[in-house]
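Counted from 1, the sequence shown has number 91 at position 90 by the numbering used here; the numbering is strictly sequential.
We put the CB at the ideal spot given by N, CA and C, even for glycine.
Remember, it's a predicted structure, so these values are computed and weren't measured experimentally.
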Amino acid sequence: MLAGCQTKTQESATSQCKGSLSDYSAPSSAYTAAYDSGFSNPSDRMGWSQPLQIAWSRGATAEHCGLNFDRDAYLDMLARNFPEAGRLIHDLNGLQWHGAQIQKAGQAFCTDARLADAGQHL
């Protein structure tokens, strides 16, 4: 699982708090910073590729921010394009985890810019 901003030893490249999404509990500010940077900090990707984290997070944004989103079709696309993770991983570690972070951030997360970006990934 991804998480963030609780360590006291390493300054995150993507946020003002210490730590990264690899820590136990990610505050919304750490998730938002990692999302907006395209998961450019390797510690925020938890061993998954940057394109996969982007695909997961943009799908979750579409789903949780009210875009027209076909979850099953998106999971099928993820399984085809990212075979290193099976459909269950795409669902649990991908859409569900990112969706939980977006829900925690609240409706303020669903900006016009993030919705436009997510729409390009559908």
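Query: Alpha helix (DSSP H) segment containing Gly100, residue limits; Result: 98-106
Query: Helix, strand or coil at Asp71 according to DSSP, with G and I counted as helix; Result: coil
Query: Ile55: CB within 8 Å of a non-hydrogen atom of the ligand NAP; Result: The ligand content of the structure shown is nil, which means the ligand NAP is not present either.
Query: Buried versus exposed, by CB contacts within 10 Å (16 or more), Asn42; Result: buried
Query: Own chain, CB closer than 8 Å to Phe70, minus 5 neighbours either side, in chain order; Result: Gly60, Ala63, Glu64, Leu123
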